[in-house]
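J.: Here's a structure for you.
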Amino acid sequence: MIEVRQLVKNHGDLRVLDGVSLSVRCGEVATVMGPSGGGKSTLLRCIDGLETFHDGEVEVDGVRLHPGAPRREMSDTLRALRRRVGFVFQQFHLFPHMTVLDNVLAGPLYVLSRARDEVEPEARQLLERVGLAEKLNAHPENLSGGQQQRVAIARALAMKPDAILFDEPTSALDPRMAAEVISVITDLAESGQTMIVVTHAMGFARNVSHTVHVMHAGRVAESGPPEQIFENPQQEVTRLFLAQTRAN
Ligand SMILES: Nc1ncnc2c1ncn2[C@@H]1O[C@H](COP(=O)(O)OP(=O)(O)O)[C@@H](O)[C@H]1O
Ligand SMILES: [Mg+2]
C-alpha cells in the first residue's frame, strides 16, 4: 500500500534522507525507531506530502509523489493522498476553538463534503471507540494530553484513511496516558488498520508491529520482524540504539 523508493531530502547542506526505501503492505503495522535526528519525522512528512523531497518517489495506493511534478498536477495528487493517509502528531494539533465532536466532524464535513446527519453518528461511534463518549462537547484545553491524543486518533479515523502515520504519538504524555493511547493504537492495529508508527514504545514495537525499521542518519539501517530486531539484530546501529534505549 505504501512504497517509498530511494527518497532523498536535503535541508540546505544537510542530507536528511539519504536514499530511504521502505514498503508497507495493506494491513501491516510498521514501527520506525531510531535515534533523534535520524529523519523519522521527515520521512513521515514526505509520505503525507507535508514536505517536498529532492529525489526518489512515494506511492500510496497508486497515488504517486515525485519531485518536479507540475504544480497543478501536484495539488490534485496531494488532495488524493491526504484522503488516503491520516496523520497523528506528537503534539495532537487539535483545532482549539472547536469541541471534540466538531474536531472529528471537520474533515468529513469540509474536506469530504459529506452530510452531517450521516457523519455525526460515525463520529460519535469513533469517540466511543477511543473511550471519549463523555467528552463530545468539551474543548481540547479541558482535556488531558492522553484524551487529546485519542481525539486526534478519532479525527484521523473519521476520514477512513487507508493508512495512518503516527509520529511519536505518546512522547508528550506521562506513562499512564501513554498507555491509554498505546492501547487505542493497538486495538486499531489488531483490527487490520495499515499504519506506520514512529515510536520508542518498545512493548508496542515488539508485540504489536509486524515489521520494525531502524533509521539512523537518514537511512534505514535495518528492517525486519520484531524478533530479529530485538533478539538478533544484524546491524551495529540497531544494537547501539537498543542498548541506549534499555539503559534509559
Ligand atoms: N525545517 C528544517 N530545517 C533544517 N533542518 C531540519 C528541518 N527539519 C528537520 N531538520 C533536520 O533534519 C534531521 C532529521 O530530523 P527529523 O526528521 O525531525 O528526525 P527525527 O524525527 O528522527 O528526530 C535533523 O538533523 C534535523 O535537525
Ligand atoms: Mg521526530
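Residue numbers (the working numbering): 3 to 250.
Glycine included, C-beta positions come from ideal geometry on N, C-alpha and C.
Enumerate in chain order the residues of its own chain whose CB-to-CB distance from Gln150 is below 8 Å, with the five nearest sequence positions on each side excluded.
T.: As a first step, residue 150 must be located in the sequence shown, where it is residue number 148. Once the five neighbours on either side are set aside, the close Cβ partners of Gln150 are Phe94, Leu96, Pro142.
J.: Are the Cβ atoms of Ser23 and Arg7 separated by less than 8 Å?
T.: On the sequence shown, residue 23 is found 21 positions in, with the first residue counted as 1. On the sequence shown, residue 7 is found 5 positions in, with the first residue counted as 1. Yes, these two residues count as a Cβ contact at 8 Å.
J.: Buried or exposed: which applies to Asn234, given that a residue is buried once 16 or more other Cβ atoms fall within 10 Å of its Cβ?
T.: The residue given as residue 234 occupies position 232 in the sequence shown. Label assigned to Asn234: exposed.
J.: Output the residues surrounding ligand 1, defined as those with a CB atom closer than 5 Å to any ligand heavy atom, in chain order.
T.: His13, Val18, Ser38, Gly39, Gly40, Gly41, Lys42, Ser43, Thr44
J.: So which of Cys28, His218, Arg248 has the shortest CA-CA distance to Gly39?
T.: Position 37 of the sequence shown, counting from 1, holds the residue named residue 39. Taking only the C-alpha atoms, the option nearest Gly39 is His218.
J.: Please state if the CB of Leu83 and the CB of Asp50 are separated by a distance shorter than 8 Å.
T.: Walking along the sequence shown from the start, residue 50 turns up at place 48. Walking along the sequence shown from the start, residue 83 turns up at place 81. Yes.
J.: What does the alpha-carbon distance come out to for the pair Val199 and Asp119?
T.: Against the sequence shown, residue 199 aligns to sequence position 197. Against the sequence shown, residue 119 aligns to sequence position 117. Val199 and Asp119: Cα-Cα distance of roughly 33 Å.
J.: Pull up the distance between the alpha-carbon of Leu128 and that of Glu238, whole angstroms please.
T.: Stepping through the sequence shown from its first residue, residue 128 is reached at position 126. Stepping through the sequence shown from its first residue, residue 238 is reached at position 236. Glu238 has its alpha-carbon roughly 42 Å from the corresponding atom of Leu128.
J.: Is the Cβ-Cβ distance between Met204 and Ala165 less than 8 Å?
T.: Along the sequence shown, read from residue 1 onward, the residue named residue 204 stands at position 202. Along the sequence shown, read from residue 1 onward, the residue named residue 165 stands at position 163. Cβ atoms of Met204 and Ala165: not closer than 8 Å.
J.: Taking buried to mean at least 16 other C-beta atoms within 10 Å of its own C-beta, is Lys162 buried or exposed?
T.: Counting from one through the sequence shown, the residue named residue 162 turns up at place 160. That one is exposed.
J.: List the endpoints of the continuous alpha helix (DSSP H) containing Lys11.
T.: Working through the sequence shown from its first residue, we reach residue 11 at position 9. Taken as a continuous stretch (DSSP letters only), Lys11 belongs to no alpha helix (DSSP H), being part of the beta strand (DSSP E) at 4 to 13.
J.: Residues in its own chain within less than 7 Å of Arg221 by CB, not counting five upstream and five downstream?
T.: As a working mapping, residue 221 is identified with position 219 in the sequence shown. Cβ within range, chain order: Asp20, Gly21, Val22.
J.: Counting only the same chain and skipping the five closest in sequence on each side, list residues whose C-beta sits under 7 Å from that of Pro37.
T.: Sequence index remark: in the sequence shown, residue 37 carries index 35 (1-based). Same-chain partners within the cutoff: His218, Phe243.
J.: Find the nearest neighbour of Leu52 within the set Arg208, Leu114, Arg241, Phe91, judged by alpha-carbon distance.
T.: Translated into positions along the sequence shown, residue 52 becomes position 50. Considering only alpha carbons, the answer is Phe91.
J.: If you reduce the DSSP assignment to three classes, tell me which class Met35 lands in.
T.: Along the sequence shown, read from residue 1 onward, the residue named residue 35 stands at position 33. In this structure, Met35 counts as strand in the three-state DSSP scheme.
J.: What do you reckon, are the CB atoms on Asn12 and His56 nearer than 8 Å?
T.: Numbered from 1 along the sequence shown, position 10 holds the residue referred to as residue 12. Numbered from 1 along the sequence shown, position 54 holds the residue referred to as residue 56. Yes. Within cutoff.
J.: Pull up the distance between the alpha-carbon of Gly226 and that of Phe206, whole angstroms please.
T.: Working through the sequence shown from its first residue, we reach residue 226 at position 224. Working through the sequence shown from its first residue, we reach residue 206 at position 204. Rounded to the nearest angstrom, the two C-alpha atoms are 15 Å apart.
J.: Do Met3 and Val65 have their C-beta atoms within less than 8 Å of each other?
T.: Against the sequence shown, residue 3 aligns to sequence position 1. Against the sequence shown, residue 65 aligns to sequence position 63. No; because the gap between Cβ atoms is not below 8 Å, this pair is not in contact.
J.: Assuming Leu145 and Thr101 form a contact by the criterion Cβ under 8 Å, report the distance between their Cβ atoms to the nearest whole angstrom.
T.: Taking the first residue of the sequence shown as position 1, residue 145 is located at position 143. Taking the first residue of the sequence shown as position 1, residue 101 is located at position 99. That pair is no contact at about 11 Å.
J.: Could you name the residues that DSSP lists as bridge partners for Met197?
T.: Translated into the one-based positions of the sequence shown, residue 197 becomes position 195. Note: Met197 sits in a beta bridge opposite Val31, Ile166.
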